[in-house]
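See structure below.
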Amino acid sequence: MPSTDQSASPPALAMHGLIKDFGGVRALDGAEFEARSGEIHGLVGQNGAGKSTLIKVLAGIYRPDEGRIAIDGQPVSDLTPHKVDRLGIQFIHQDRLLVPSFTVGEAVFLGRERTAAGLLARRRMEREARALIAEQFGVELPKGALISELTTAQQQLVQIVRALAQKPRILVFDEPTAALVKREVDRLFAIIERLRGQGITIVYISHYLQEIERLCDRVTVLRNGRHVGTVSPAATPAREIARMMVARDIGELFPKRQVTPGAPALAVRKLARRPHLQEVSFTLRRGEILGVTGLLGSGVKELVRLLFGLDKPDAGQVEIGGQAATLGSPAAAVARGIALVPEDRRGQGVALDASVRDNTTLASLARFARGGLVRRSEEDGETRRLIEELRIRTPGPDTAVRDLSGGNQQKVVIAKWLARRSEVYLLDEPTVGVDIAAKVEIYRLIGELVEQGAAVLLVSSDLDELAGIADRILVLYRGTVVRELPAKDASSDALLAWSTGAMEAA
Amino acid sequence: MAQATLTPAQHRRRRLPDLVFQMGLPLALLLVVLFFAWSSPAFLVPSNLESVLVNNFTLLAIVSIAMTLAVASGGIDLSVGTALDFASLLFVSLIAAGQPFGIALLAGLLGGLGAGLFNAFLIVGLGITPFLATLGTLFIGRSVQQLTTGGGIPIYLSKAKVPEAATFLAHGDILGIATPLWVVTILIVLFTVLLRATPFGRRVTAIGVQPAVAWYSGLPVRRDLVLVYLLSALVVAVAGLMLSATVNAYVPSSGNAFLLNAIGATFIGTTLDRRGRPNVPGTVLGVLLLAVVANGLLLIGWNFYWQQVGTGVLIFLVLVASFASRRWRKAG
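Okay, here's the thing in structure tokens:
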């Protein structure tokens, strides 16, 4: 339980016994959270620990299955985003959500537009918005600028001003620094501290333990949807907090396999796409699982995009099978034998309304064509073979992928690349959103891939997963490889310490 | 995992509403045919049926095939009329100028293709959404025609100038079946196969269903979309040539008359597919439905404006019926 001082006034925000299930996956399992009035309260946890679910419950986006919420000691229920707004709770999201084509004034006053004689008072809104920003932050935004013309940091200021215009009692920052540079982070922290000085309660969610240490009065750690503890960062070393975040009772989850790495399959030399990826080099061999981890903003996502031809690098070379490769588009990458299992499975991995067969053969249709026509029977044959090999649970090849579970959808993505006979597999968070049994199945599949000579780049923020199945692990921090560890030496708290920058601080 | 996966038995049970959903369009066509056969003795006679096919069905079917292709790729082609008119304009102008039929035919096809190339440039090159891009092409095409024809004056071909081949294309027959029906049949078969059974067609469908997945699967999305709009314009150009040969004239902006019916037929046609996707056979049935209704209402003495109302109500009923059964399927 969070420590509560009964003699003091009730906590500004109290959430107790929250339970939330998503189709069999328990995202919140009795989670607790309490923030005192006028404090900066950190919220940390690994991916999947329940942070974002908790915040979405608070925002009225998700309705909890069980649990109580109180604001200043007053119980509230049946929250909707509108009601939450009225209660004086505001949210600053990392990637939310200003209309790009709006002006600053329109964005700040969206939903409560200033009017004169029933008409929008545009000039007044622009003037007031700019004045508010100048007064709060001492920043002059370009006159008449559209949101899309502002930097990320400036957009964030607009969001904050928009929130402040509501005179909030509680302000929630969700990963606010992920897209900011150092100088902007410093300014943001000064702003947050000043807001605390105005008596506003701040909930601050971050992966970066350094930030928690520097900014927060207290921090609550979540793990597997449960409350692990609430501590003072001043009195608790970052590595101790990291330890609280990591669960460690799932060793047998990771099937063991014996593969001796072979020839280099993918070699990356000084690859860069600034500002997010500074300079990264590594070699991935056939039969090897190379883990890559790093937090939002570390450059991991950019690395994956470069390797699949989704973005073009500023500098550096890529070699595939010992030959220089230009990966100008996903089509070019796929032609060189690269496969991507994207993190956004439902948006980018599978076509939900298409059948298992249509998804499986999508990247290799030419293989099934005779005389220019795709042979349904050959497609069915290959699909059935892969359904069996990967143990995909589906009534048949003709079932829509939408009707499959998350784990089985993920297997369909892998089947698509097996049908394409891809050799280098980029797996981006391959087990996000699948239940524990499906995770084990996917780990087994990854093992079989490398046993057959494929090379696997496993991008994951699940550190136990990395330590469990990768051969080596690269840790990226702010765009560079800060550490390479053999998996046998990589404990998940060491990985977390490196990726949060706690090692540098220590 | 288990609760999200259907057993084969559940799967079969879901098929029944699927069938109702899919059968809506053929059923509607059948009912409409029966109704007109009952209400007008002039309907169900060979000469009238041929007239329905040649006069009401052929050109709209060709334009609708093009529309189906664009809609299947996740876009739309509002500029079918422009491609049709350009083909007609070049064809008739060259014939009028005394050029041989073959040259005029080729020029007509290229004229239509020009509109498609412009669309492809706007959509794939500049990244403008298909709706806006083809709308722009539609407006530009109309202006170009007004400018080149002195404000919209038709070009008529005198009897003497009309080549025999053109007359054959519009009014001839092969083995007793009208030439236009051969042309439209060939196109229907060709594009049914193209969309359903070639790698290109399957890619186009994937792009239409979920473009991000197509892109993330390494498909040549941009190239395929260029081809879609080129093919669409080329097919429509064929309709333009046939229209010119039928009326022995180029009438400015006559192609736009097909636009709304082609969109209607394409979307009516999606009801024939289990997953609600655009498909050529469905589109053809949709065109047939529209053609039969237009002809039948004329026979039972409704005037043109009431025909429009009748057609609108019918489209509405078919769509409501099949979407209702689809909702039922989802709920069940």
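Protein sequences appear in the order of chains R and P. Residue 1 is where the first sequence starts when you use the working numbering, and the numbers rise one by one after that. Residue 1001 is where the second sequence starts when you use the working numbering, and the numbers rise one by one after that. Glycine is no exception: its CB is placed at the ideal position from the N, C-alpha and C atoms.
Per-residue contacts from residue i into chain R (C-beta, under 8 angstroms)
| i | result |
| --- | --- |
| Val1204 of chain P | Under the 8 angstroms cutoff, chain R gives no residues; its nearest Cβ is about 11 angstroms from Val1204 of chain P. |
Other residues of its chain near residue i: CB distance less than 6 angstroms, five sequence neighbours each side excluded
| i | result |
| --- | --- |
| Pro264 of chain R | Thr283, Arg285 |
| Ile1334 of chain P | Here chain P covers residues 1001 to 1332 and nothing more, so residue 1334 of chain P does not appear. |
| Gly1286 of chain P | Ala1265, Ile1268, Gly1269 |
| Leu458 of chain R | Ile289, Gly291, Leu427, Ala470 |
| Gly88 of chain R | Pro168, Arg169 |
| Thr500 of chain R | Tyr208, Leu209 |
| Asp462 of chain R | none |
| Leu1319 of chain P | none |
| Leu1089 of chain P | Tyr1250 |
| Gln348 of chain R | Pro342 |
For residue i: DSSP bridge partner residues
| i | result |
| --- | --- |
| Asp344 of chain R | Asp344 of chain R is not bridged to any residue. |
| Val481 of chain R | R:Leu476 |
| Val459 of chain R | R:Val292, R:Asp428 |
| Ile561 of chain R | A query on residue 561 of chain R cannot be resolved here, the shown segment of chain R reaching from 1 to 506 and no further. |
| Asp29 of chain R | R:Ile19 |
| Leu271 of chain R | R:Val280 |
| Tyr204 of chain R | R:Gly42, R:Phe173 |
| Gln317 of chain R | R:Arg269 |
| Ile1177 of chain P | P:Ile1174 |
| Tyr1305 of chain P | The partner list for Tyr1305 of chain P (beta bridge, DSSP) is empty, contrary to what the question assumes. |
| Ala324 of chain R | R:Glu319 |
| Ser355 of chain R | R:Ala400 |
| Ala35 of chain R | R:Leu13 |
Where residue i meets chain R, residues with beta-carbon distance less than 9 angstroms
| i | result |
| --- | --- |
| Thr1198 of chain P | Leu365, Ala369, Gly372, Leu373, Val374 |
| Arg1142 of chain P | Per Cβ cutoff of 9 angstroms: no residues; Arg1142 of chain P is ~29 angstroms from chain R at best. |
Interface partners of residue i on chain R, CB under 7 angstroms
| i | result |
| --- | --- |
| Val1209 of chain P | Ala351, Asp353, Ala354 |
Close Cβ partners of residue i (< 8 angstroms) along its chain, the five nearest in sequence each way excluded
| i | result |
| --- | --- |
| Gly251 of chain R | Residue placement at Gly251 of chain R is flagged as unreliable, the pLDDT there being 40, under the threshold of 50; the coordinate-derived value follows with that caveat. The answer, listed in chain order, is Gly468. |
| Met1001 of chain P | For Met1001 of chain P, the predicted model reports a pLDDT of 32, less than 50, meaning its position is unreliable and no value from the coordinates is stated. |
| Pro1100 of chain P | Pro1163 |
| Leu188 of chain R | Ala153, Gln156, Pro176, Thr177, Leu180 |
| Ala1214 of chain P | Arg1203, Ala1206, Ile1207, Val1221 |
| Val1183 of chain P | Thr1058, Ile1062, Leu1169, Val1238, Met1242 |
| Ile92 of chain R | Gln156, Gln159, Ile160, Ala163, Leu171, Val172, Phe173, Asp174, Pro176 |
Chain-order list of residues whose beta-carbon lies under 7 angstroms from that of residue i (same chain, five-residue window excluded)
| i | result |
| --- | --- |
| Ala1212 of chain P | none |
| Lys20 of chain R | Ala27, Leu28, Thr53, Val57, Tyr62, Pro64, Asp65 |
| Leu1272 of chain P | Gln1022, Leu1025, Asn1279, Pro1281, Gly1282, Leu1285 |
| Ala1115 of chain P | Ser1079, Thr1082, Ala1083, Phe1086, Thr1137, Gly1141, Ala1233 |
| Glu140 of chain R | Ala134 |
| Ala1097 of chain P | none |
| Phe1057 of chain P | Val1287, Leu1288, Ala1291 |
Proximal residues of chain P, C-beta to C-beta of residue i below 7 angstroms
| i | result |
| --- | --- |
| Ala517 of chain R | What the structure shows of chain R is the stretch from 1 to 506, and residue 517 of chain R is not part of that stretch, so it cannot be assessed. |
| Gly347 of chain R | Ala1212 |
Amino acids of chain P, ordered along the chain, whose beta-carbon sits closer than 8 angstroms to that of residue i
| i | result |
| --- | --- |
| Pro342 of chain R | Tyr1216 |
Residue i at chain A interface by Cβ criterion, 8 angstroms
| i | result |
| --- | --- |
| Leu362 of chain R | Here chain A cannot be found, since the structure's protein chains are R and P. |
Beta-carbon neighbours of residue i, restricted to chain P and to distances below 9 angstroms
| i | result |
| --- | --- |
| Pro330 of chain R | Trp1215, Tyr1216, Ser1217, Gly1218, Leu1219, Val1221 |
Legend entry - Interface residues of the segment 1210-1226 of chain P facing chain R [CB-CB below 9 angstroms]: Gln1210, Ala1212, Val1213, Ala1214, Trp1215, Tyr1216, Ser1217, Gly1218, Leu1219, Pro1220, Val1221, Arg1222, Arg1223
Inset, instruction - Let me know the alpha helix (DSSP H) ranges lying completely inside the segment 1081-1161 of chain P, each 4 residues or longer, listed in chain order. - result: 1101-1120, 1130-1148
Legend entry - alpha helix (DSSP H) segments (min. 4 residues) lying fully within the segment 118-187 of chain R: 122-137, 152-164
Inset, instruction - Within the segment 60-102 of chain R, note down every full alpha helix (DSSP H) run reaching 4 residues or more, in order along the chain. - result: 81-86
Inset, instruction - Run through the segment 1017-1069 of chain P for me and flag every whole alpha helix (DSSP H) of 4 or more residues, listed as ranges in chain order. - result: 1046-1051
Inset, instruction - Enumerate, from N- to C-terminal direction, the unbroken beta strand (DSSP E) stretches of 3 or more residues contained entirely within the segment 386-427 of chain R. - result: none
Legend entry - Segments assigned alpha helix (DSSP H), at least 4 residues, entirely inside the segment 1193-1228 of chain P: 1199-1209, 1211-1216
Inset, instruction - Would you list, in sequence order, the uninterrupted alpha helix (DSSP H) runs of no fewer than 4 residues that lie entirely inside the segment 1230-1308 of chain P? - result: 1259-1269, 1280-1299
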